[in-house]
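Chemist: Sharing a structure here in structure tokens format.
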Amino acid sequence: MVSCHQTYELVKPLDHSEISEDVATNHQGNLPRSSPPLNGTDKPSIYEPKKLRRTQYLSSLGQILLTIFPLLFIALTGAAISLDNKSTSKTGLITQQAIALSPTVFPIVFAAIVGRFFRSLGLHWAERGVKLGTLERLIGSQTLFSAIERQVLLRGQYVLGISIITIWALSPLGGQSALRLLTVSPEVFSTNTTIRYLPIVLSLNTVMSPAFGSRSPTSSWSQWGSIFMTAVTTSYQYQNSSQDLFGNVRIPSLDSLPSISNDSWTVVNHSESTPYSSLLGIPVGGLLANGTISFNLVSRYFAIQCRSSKHISSVPRADSLFLNTSSRESAGSWAYKFGGSFVVQLTFTRRNGYFSETYNETNIPFNITSMNNGAPLDDLSFIDCSMEPQDVESSVRCVDRLCKVTAMKKLPLGFDSWRYESLLAIERSFWYFPVSILAAVPAGSLMSSSILEVWMQYPYTALYSPRFTNLSTVSLPMLSRNFENLFNTYWQSTYGYKYLHGNLHADVTDSSYDNITAGRLKGPVDFNTSHALSTRIIGEKYQCNMTFAAILIVISGLLVLASLATIALMNATRAPDILGYMSSFPRDNPYATFEQASYMDGLERARELREMKITVGDVSPREEIGHIAFAATVEVQRLKEDRLYD
Numbered sequence: 001m002v003s004c005h006q007t008y009e010l011v012k013p014l015d016h017s018e019i020s021e022d023v024a025t026n027h028q029g030n031l032p033r034s035s036p037p038l039n040g041t042d043k044p045s046i047y048e049p050k051k052l053r054r055t056q057y058l059s060s061l062g063q064i065l066l067t068i069f070p071l072l073f074i075a076l077t078g079a080a081i082s083l084d085n086k087s088t089s090k091t092g093l094i095t096q097q098a099i100a101l102s103p104t105v106f107p108i109v110f111a112a113i114v115g116r117f118f119r120s121l122g123l124h125w126a127e128r129g130v131k132l133g134t135l136e137r138l139i140g141s142q143t144l145f146s147a148i149e150r151q152v153l154l155r156g157q158y159v160l161g162i163s164i165i166t167i168w169a170l171s172p173l174g175g176q177s178a179l180r181l182l183t184v185s186p187e188v189f190s191t192n193t194t195i196r197y198l199p200i201v202l203s204l205n206t207v208m209s210p211a212f213g214s215r216s217p218t219s220s221w222s223q224w225g226s227i228f229m230t231a232v233t234t235s236y237q238y239q240n241s242s243q244d245l246f247g248n249v250r251i252p253s254l255d256s257l258p259s260i261s262n263d264s265w266t267v268v269n270h271s272e273s274t275p276y277s278s279l280l281g282i283p284v285g286g287l288l289a290n291g292t293i294s295f296n297l298v299s300r301y302f303a304i305q306c307r308s309s310k311h312i313s314s315v316p317r318a319d320s321l322f323l324n325t326s327s328r329e330s331a332g333s334w335a336y337k338f339g340g341s342f343v344v345q346l347t348f349t350r351r352n353g354y355f356s357e358t359y360n361e362t363n364i365p366f367n368i369t370s371m372n373n374g375a376p377l378d379d380l381s382f383i384d385c386s387m388e389p390q391d392v393e394s395s396v397r398c399v400d401r402l403c404k405v406t407a408m409k410k411l412p413l414g415f416d417s418w419r420y421e422s423l424l425a426i427e428r429s430f431w432y433f434p435v436s437i438l439a440a441v442p443a444g445s446l447m448s449s450s451i452l453e454v455w456m457q458y459p460y461t462a463l464y465s466p467r468f469t470n471l472s473t474v475s476l477p478m479l480s481r482n483f484e485n486l487f488n489t490y491w492q493s494t495y496g497y498k499y500l501h502g503n504l505h506a507d508v509t510d511s512s513y514d515n516i517t518a519g520r521l522k523g524p525v526d527f528n529t530s531h532a533l534s535t536r537i538i539g540e541k542y543q544c545n546m547t548f549a550a551i552l553i554v555i556s557g558l559l560v561l562a563s564l565a566t567i568a569l570m571n572a573t574r575a576p577d578i579l580g581y582m583s584s585f586p587r588d589n590p591y592a593t594f595e596q597a598s599y600m601d602g603l604e605r606a607r608e609l610r611e612m613k614i615t616v617g618d619v620s621p622r623e624e625i626g627h628i629a630f631a632a633t634v635e636v637q638r639l640k641e642d643r644l645y646d
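Under UniProt numbering, the sequence shown has 97 at position 97, and the numbering climbs by one with no breaks.
And the structure:
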């Protein structure tokens, strides 16, 4: 152990008169490596000795000013939180403008505070003794990349290295958190309301009902026929639309949707092609012109299934299949008389002109006979099908009167409520269906297939081509779907034509929604009422992302602590800040001979030496092996590729 009273021999000051001739030759290119520092003059030093300052007022003031910025970010976050769910305002606009600058300002402030903190911590530890690797990490890690670079190259000290990297990684996180702090979203007002829609029972009011008289279908054709013709001829434009051309809500065909269940909801995926049951939709009144409204409605359509088809050609009495001459009241005879090129007929047994009371099936069998060519009737298509009434409940969502069914479920059918009345009307509707689209009914042509037959074979294409179709060549699933679309469209037009044009009254309490059958049925029939949830956009409001707000507050708080710690370290450290500055390389350097004060900080020294020219070169050019050093330009030689260096 060394005694504290032990004395040491001080290094003898250099006497310039004793400089040997060898040393004097260093101006010509050779400096001895063991030469002591030279002042270069016999004159007194121009730097007066000074005591080291403990308190650095100017640097502390600058650091205090830096501390204000993270406090401002905390205040900005507080302002954003206070605006959460508030309507847009001038204060909010100013806050948004400040937030827009945050991603630019935050990384600058972060680098200034954290970089200065690491430098101050490194200098403080260096004054008390520290490992070079630790010092290099602290002083050299001034960016995220430089922190990663030093950890990769220096290795070891993983806790310190990863901690420094993590701290620098907070810079982009804080900037992006500030950017996403506040957003503007629509301010929505929700309320319970009601809508009105066309009821199922109105189908009993169809013009095909015998209760309206034998001439009812023809006398009212201009009303229902025009709607049916328009829907068919414009179907290409609305084939995948959730609403018809009048804005009514179209109902998908539930049996054609995937994963259906008898008692649960089936979601309608509108990102895929949706099979609809009709070209016409359900009229709905009370929709919002602006806003969202959700409601449920109940409707009925006929699900049609064709089981078989065949081509009949050159057979005796083929015309009997089409004309059905055994009964002059048949659809075939009637349709052919007025130019119909196909017929649709019920096929179950009737008794004395009436439906059997023992027929309790929901499935209604029928067939379609279509001409494949003109007269003589020796080329026909014969399709055997059935229909079944299907009651469904649909969940509807409308945004600014643009509606679509989002989910459906099957309902039990009230068969007894329509069996006797509707079956007669359905049979009659089959009679008129083949000629429904011929102008004024009694004006037809047998020169080509009707538009309806063309649609059944080639839907959504040119319908006026003078040609005959061959329905027996159409696949049964497609034929079923096409005929289902056509017949449901036709059936709806025969009882809802007064309301299918759209533009229903916005006031759901209006009398136009009540007693819509005008006393033709046993009791008054009103539009159905459905409870709905409506939401309207009444303005805009601010929404603060609390996650990003918390992140920004935490990071800004860490910056405040780092800045205050820097101030404390600066005032607790006596050593001049010479670490990491280029002006520190000539300090105590035998190859850069000039007078210098040891108490200067790096920037103070750089200001004094800013005109000095330096070179990294060979300071032993006359020796066999060179030595590379940071030196004055006049005393070094440029480095060479073919020379050895120690």
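Beta carbons: idealized from backbone N, C-alpha and C, even for Gly.
Just so you know, these numbers come straight off a predicted model, no measurement behind them.
How far does the beta strand (DSSP E) with Gln-305 in it extend, from its first residue to its last?
Modeler: Gln-305 -> beta strand (DSSP E) spans 292 to 313.
Chemist: I'd like the list of long-range same chain contacts for Leu-181, defined as Cβ closer than 8 Å, with 5 residues on each side in sequence excluded.
Modeler: Cβ within range, chain order: Leu-76, Thr-77, Ala-80, Ile-99, Ser-102, Cys-544, Asn-545, Phe-548, Ala-549, Leu-552.
Chemist: If I'm right that Leu-471 touches Ile-364 with Cβ under 8 Å, what's the distance once you round it to whole angstroms?
Modeler: Not a contact, Cβ separation roughly 20 Å.
Chemist: Count the other C-beta atoms from every protein chain shown that fall within 10 angstroms of the C-beta of Asn-290, then say buried if there are 16 or more, exposed otherwise.
Modeler: When all chains shown are included, Asn-290 counts as exposed.
Chemist: Taking just the CA atoms, how far does Tyr-197 sit from Val-284?
Modeler: Distance between the alpha carbons of Val-284 and Tyr-197: 4 Å.
Chemist: Pick from Gly-340, Cys-403, Ser-620: whose alpha carbon is nearest that of Ser-241?
Modeler: When each option's Cα is compared against that of Ser-241, the closest is Cys-403.
Chemist: Hey, Thr-194 and Ser-530: beta-carbon distance below 8 Å or not?
Modeler: The answer is yes: Cβ separation under 8 Å.
Chemist: Is the Cβ-Cβ distance between Thr-406 and Phe-189 less than 8 Å?
Modeler: Contact flag unset, no.
Chemist: Please give me, in chain order, every unbroken run of the alpha helix (DSSP H) with length at least 4 that falls completely inside the segment 600 to 634.
Modeler: The qualifying runs are 602 to 608.
Chemist: Cα-Cα, which of Val-636, Ile-426, Ala-425, Gln-390 is closest to Leu-413?
Modeler: Cα-wise, what sits closest to Leu-413 is Gln-390.
Chemist: Excluding five sequence neighbours on each side, which residues of the same chain lie with their C-beta closer than 8 Å to the C-beta of Pro-44?
Modeler: With a pLDDT of 48 at Pro-44, under the threshold of 50, the modelled position of that residue is not reliable, and the figure given next carries that caveat. Cβ within range, chain order: n/a, list empty.
Chemist: Starting from the Cα of Ile-437, find the closest Cα among Trp-491, Val-392, Ser-480, Leu-479 and give me that residue.
Modeler: Measuring from the Cα of Ile-437, the nearest candidate turns out to be Trp-491.
Chemist: Can you list, in chain order, the residues of its chain whose CB lies under 8 Å from that of Asn-367, leaving out five sequence neighbours each side?
Modeler: The residues are Val-344, Gln-345, Thr-347, Phe-382, Ile-383, Asp-384, Cys-385.
Chemist: Okay, do the segment 246 to 256 and the segment 267 to 277 touch, 3+ Cβ pairs below 8 Å being the bar?
Modeler: Yes, they touch.
Chemist: Tell me, which residues are paired with Phe-366 by DSSP?
Modeler: Answer is Leu-346, Cys-385, bridged to Phe-366.
Chemist: Report the three-state DSSP secondary structure of Val-508 (helix, strand or coil).
Modeler: Correct three-state label for Val-508: coil.
Chemist: Grab me the residues of Lys-310's own chain with a C-beta within less than 7 Å of its C-beta, minus the 5 sequence neighbours each way, in chain order.
Modeler: Excluding sequence neighbours, Lys-310 sits near Phe-382, Ser-472.
Chemist: For the structure I just gave you, are there three or more beta carbon pairs, one from the segment 206 to 215 and one from the segment 132 to 152, closer than 8 Å?
Modeler: Because the criterion of three Cβ pairs below 8 Å is not met, the segment 206 to 215 and the segment 132 to 152 do not touch.
Chemist: Would you check if the distance between the CB atom of Phe-117 and the CB atom of Thr-573 is smaller than 8 Å?
Modeler: No, the pair does not count as a contact, with Cβ atoms beyond the cut-off.
Chemist: Please state the DSSP three-state secondary structure of Met-371.
Modeler: Reduced to three states, the DSSP call for Met-371 is strand.
Chemist: Hey, Thr-517 and Val-399 are a contact pair by Cβ (cut 8 Å); roughly how many whole angstroms apart?
Modeler: Rounded, the Cβ-Cβ distance is 33 Å, inconsistent with contact.
Chemist: Decide if Glu-623 is buried, meaning its Cβ has at least 16 other Cβ atoms within 10 Å, or exposed.
Modeler: Its Cβ having fewer than 16 others within 10 Å, Glu-623 is exposed.
Chemist: Hey, could you find the ends of the alpha helix (DSSP H) Lys-404 is sitting in?
Modeler: Unbroken run through Lys-404 is the beta strand (DSSP E), 402 to 411; no alpha helix (DSSP H).
Chemist: Rounded to whole angstroms, what is the Cα-Cα separation between Thr-166 and Gly-174?
Modeler: Going by the C-alpha atoms only, they are around 12 Å apart.
Chemist: Please go through the same chain and pick out, in chain order, the residues whose beta-carbon is closer than 6 Å to the beta-carbon of Ser-429, but skip the five residues on each side of it.
Modeler: Closer than 6 Å at Cβ, skipping near neighbours: Met-208.
Chemist: Among the residues of its own chain, which have a CB less than 6 Å from the CB of Leu-644, if the five just before and after it don't count?
Modeler: Around Leu-644: Ile-625.
Chemist: DSSP on Asn-488, reduced to helix/strand/coil?
Modeler: The answer is helix: DSSP assigns Asn-488 an H, G or I state.
Chemist: How should Leu-123 be labelled, buried or exposed, when 16 other C-beta atoms within 10 angstroms of its C-beta is the threshold for buried?
Modeler: Leu-123 should be labelled buried.
Chemist: Restricting to Cα atoms, I'd like to know which of Leu-66, Val-114, Ile-426, Leu-579 is closest to Glu-127.
Modeler: Ranking the options by Cα distance to Glu-127, first place goes to Leu-579.
Chemist: Where do the ends of the alpha helix (DSSP H) carrying Tyr-158 lie?
Modeler: Where Tyr-158 is concerned, the enclosing alpha helix (DSSP H) stretches over 158 to 179.
Chemist: Determine the extent of the alpha helix (DSSP H) in which Arg-196 is found, giving its start and end residues.
Modeler: Counting along the chain, Arg-196 falls outside any alpha helix (DSSP H), though it belongs to the beta strand (DSSP E) covering 182 to 197.
Chemist: Can you check the segment 200 to 273 for any alpha helix (DSSP H) of at least 4 residues that lies completely inside it and give the ranges in chain order?
Modeler: Runs of the alpha helix (DSSP H) inside the segment 200 to 273: 216 to 219, 221 to 233.
Chemist: Buried or exposed: where does Leu-132 fall if 16 or more other Cβ atoms within 10 Å of its Cβ makes it buried?
Modeler: Exposed.
Chemist: Using C-beta distances below 6 Å, list every residue in its chain close to Leu-83, excluding the 5 sequence neighbours before and after it, in chain order.
Modeler: Here the set comprises Gly-92, Tyr-542.
Chemist: Only counting the same chain, and skipping five residues up and downstream in sequence, which positions put a Cβ closer than 8 Å to that of Ser-308?
Modeler: Cβ neighbours of Ser-308 beyond the five flanking positions: Ile-383, Asp-384, Leu-476.
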